[in-house]
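Colleague:
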Amino acid sequence: MSNVGVPLSVLDLATVSSGRSIADSFATSVDIAQRAERWGFTRVWYAEHHNMRSIASSATSVLIAHVASQTNSIRLGSGGIMLPNHSPLVIAEQFGTLATLHPGRIDLGLGRAPGSDQATMRALRRTNGSADTFPADVLELQGYLSDEVRADGIEAVPGRGTNVPLYVLGSSLFGAQLAAQFGLPYAFASHFAPDALQQAVAIYRDRFEPSAQLDKPYVIAAVGVLAADSNEEAAAQFQQARRKRVIRFLPKGPLYSDDDIDALLESGRAAQVDHMMQYSAVGTGEKVVDYLRAFVAHADADELILASQAVNPQTSLRSIDIVGETCFAPTAAHASIG
0 MSNVGVPLSV LDLATVSSGR SIADSFATSV DIAQRAERWG FTRVWYAEHH
50 NMRSIASSAT SVLIAHVASQ TNSIRLGSGG IMLPNHSPLV IAEQFGTLAT
100 LHPGRIDLGL GRAPGSDQAT MRALRRTNGS ADTFPADVLE LQGYLSDEVR
150 ADGIEAVPGR GTNVPLYVLG SSLFGAQLAA QFGLPYAFAS HFAPDALQQA
200 VAIYRDRFEP SAQLDKPYVI AAVGVLAADS NEEAAAQFQQ ARRKRVIRFL
250 PKGPLYSDDD IDALLESGRA AQVDHMMQYS AVGTGEKVVD YLRAFVAHAD
300 ADELILASQA VNPQTSLRSI DIVGETCFAP TAAHASIG
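Per numbering that gives the first Met the number 0: the sequence shown = residues 0 to 337.
1. Does DSSP put Leu123 in a helix, a strand or coil?
2. What residue does the alpha helix (DSSP H) around Glu36 start on, and which one ends it?
3. For the region 231 to 247 against the region 274 to 282, do three or more pairs of beta-carbon atoms, one drawn from each stretch, fall closer than 8 Å, so that the two count as touching?
4. To which residues does DSSP link Leu107 through a beta bridge?
5. For Val156, collect the residues of the same chain with a Cβ closer than 8 Å to its Cβ; drop the 5 residues on either side in sequence, then sort them by chain order.
6. Hey, is the region 298 to 313 in contact with the region 214 to 225, meaning 3+ C-beta pairs nearer than 8 Å?
7. With a threshold of 8 Å on Cβ separation, who are the neighbours of Ala118 within its own chain once the five nearest residues in sequence on each side are excluded?
8. Apply the 10 Å Cβ neighbour rule to Gln141 and answer buried if 16 or more other Cβ atoms are within range, or exposed otherwise.
9. Where do the N-terminal and C-terminal ends of the alpha helix (DSSP H) with Asp136 fall, by residue?
10. Does DSSP classify Thr314 as helix, strand or coil?
11. Whole angstroms are fine: how far does the CA of Pro83 sit from the CA of Gly174?
12. Helix, strand or coil for Ser335 per DSSP?
13. Just confirm the distance between the C-beta atoms of Arg241 and Met276, as a whole number of angstroms; I'd bet it's less than 8 Å.
14. Here's a check: name, in chain order, each residue in its chain whose Cβ is nearer than 8 Å to the Cβ of Gln176, leaving out the five neighbours to either side.
15. Determine which residues share a DSSP beta bridge with Phe187 and list them.
16. At which residues does the beta strand (DSSP E) containing Leu303 begin and terminate?
17. Between Gly103, Ala35, Pro102, Tyr290, which has its C-alpha nearest Phe327's C-alpha?
18. With the cut-off set at 8 Å, would you say Leu75 and Thr41 are in Cβ contact?
19. Thinking just about the alpha-carbon of each residue, which of Ala135, Asp11, Thr161, Phe294 is nearest to the one in Glu147?
20. Alpha carbon to alpha carbon, how far is Val163 from Asp106?
21. Could you tell me if Leu62 is buried or exposed, where buried requires 16 or more neighbouring beta carbons within 10 angstroms of its beta carbon?
22. Taking Cβ to Cβ, would you say Val3 is nearer than 8 Å to Leu291?
23. On the CB-based measure, 16 or more other CB atoms within 10 Å of its CB, does Leu109 come out buried or exposed?
24. Roughly how many angstroms separate the alpha carbons of Tyr217 and Ile319, rounded to a whole number?
25. Within the same chain, show all residues whose beta-carbon is closer than 8 Å to that of Leu316, passing over the 5 residues directly before and after it, in chain order.
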C-alpha cells in the first residue's frame, strides 16, 4: 500500500517519442514495468490504440507477453482491450494464454470505443453498431474464461478455467452502469475525460451487485502525473506536454512554428486540451503526493492508475522514480533503480 492511502498503478501507452523507434518504445515499456515492480506499484496496463504514430500498444496482448517475460511479480493487463474490435473467443484465447504463462499476474480491462478514427474502424472490420453488443460480448468472454462451457459447447483453449479478472473501462455513465450490473471493477478514464467522474462513480457504487469475481465495488481512477526534482522543472515539462497535445488537434500539413503554437495556446483552441488535462499531479514528489491524496477523496477511488504527462522517456522514467520514492516505503531493492 502506498502512503497515498490506496494502491498505485501505471498506465503505459508505449509512447513513440520524436527521434526514437518503436523498438525504443518497447524497451522503455520494459524499463517502466521493471521500475514500477521494484517500487511497489500494483499493476501496469496498456491501452489498445490503432493508426497512431505516437502510440505503439496496438497489439496489446503481445506487448503484455513481452513485458511479462521480463518482470516477475507485478500485474500486467489491458487498459483496455476494445472488445468490439475482436471476437470474445479470440480475446479469451489470448488472455488465457497469458494467464497460463504468467499465473496470477494478468488483468483484462475492457472498453467499447474504437480506439481509432472512422477510417481505421472500417479497416478493423468494425461498424458503427459494433459497440451495441458490448454487454453480451463481455458475458460471452467471461463465460469462455470460467470453469464452465457456456456458449454452444465452444471452449477457449487456453482460457477455460483461468478466470482472468475482468474490469470495465469507461468515461461515461454507460460503463459505470454495466460494471455495477455485472459486479465487475470499474476504471474511469479521468486522465483525459474528466467530466462524468464523480457522477459515474456514484452510480456505480449505488447500483453495484455482488458477483463471483467481486463482492463489493472497486473503483480505479486515472490521473495524469508529472513529477520532477523541482516544481519549476515539472511546470516546464507540463507546458511541453500541453504544447504537444495542442498540435494533435491541428490539421495535418506543414509544420507549425513555436510562434504558431504560442498563439494557439493563448487562444480558445487550447481550452479543450486544458480540460482534458484537468486532473494532473505536477510538481515535486511531495506536491504530487498531496494532489493524489486529495484526488482519491475527490474520485472516491479504491486505486489510482497514473498516466505520465512527460514528453520523453527520460522525464517519464524520472517521474516514476520520484513518485515511487515518495509514495512507497524504501527497501533494499530500491537501491538498484538507476
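Idealized CB from N, CA, C, for every residue including glycine.
Modeller: On the basis of the data shown:
1. When DSSP states are grouped into helix, strand and coil, Leu123 belongs to the coil group.
2. Note, Glu36: alpha helix (DSSP H), 21 to 38.
3. The answer is yes - the region 274 to 282 touches the region 231 to 247, with three or more Cβ pairs under 8 Å.
4. Per DSSP, Ser77, Leu165.
5. Here the set comprises Glu92, Gly95.
6. Taking one beta carbon from each stretch, the region 298 to 313 and the region 214 to 225 have 3 or more pairs nearer than 8 Å; the two touch.
7. Within the same chain, Ala118 has close Cβ partners Asn50.
8. Per the 10 Å Cβ criterion, buried.
9. Counted as a single uninterrupted DSSP element, the alpha helix (DSSP H) harbouring Asp136 occupies residues 133 to 144.
10. DSSP, read as helix, strand or coil, puts Thr314 in helix.
11. Separation of Gly174 and Pro83 (C-alpha to C-alpha, rounded to the nearest whole angstrom) is 14 Å.
12. Low local confidence applies: a pLDDT of 34 at Ser335 is under 50, so the model's placement there is unreliable, with the coordinate-based value given in what follows. The answer is helix: DSSP assigns Ser335 an H, G or I state.
13. In this structure Arg241 touches Met276 by the C-beta definition: roughly 7 Å separates them, less than 8 Å.
14. Cβ neighbours of Gln176 beyond the five flanking positions: Ile202, Tyr203, Arg206.
15. Bridge partners of Phe187: Gly169, Ala220.
16. Leu303: member of the beta strand (DSSP E) spanning 302 to 307, first to last residue.
17. Of the candidates Gly103, Ala35, Pro102, Tyr290, the one whose C-alpha sits nearest the C-alpha of Phe327 is Ala35.
18. No, Cβ-Cβ distance for Leu75 and Thr41 is not below 8 Å.
19. When only C-alpha atoms are compared, the closest one is Thr161.
20. Roughly 6 Å separates the two Cα atoms.
21. With 16 or more neighbouring CB atoms inside 10 Å of its own CB, Leu62 falls in the buried class.
22. Taking 8 Å as the Cβ cut-off, Val3 and Leu291 qualify as a contacting pair.
23. Within a 10 Å sphere around the beta-carbon of Leu109 sit 16 or more other beta-carbons, which makes this residue buried.
24. Approximately 24 Å, taken between the alpha carbons.
25. So the qualifying residues of the chain are Thr27, Asp30, Ile31, Arg34.
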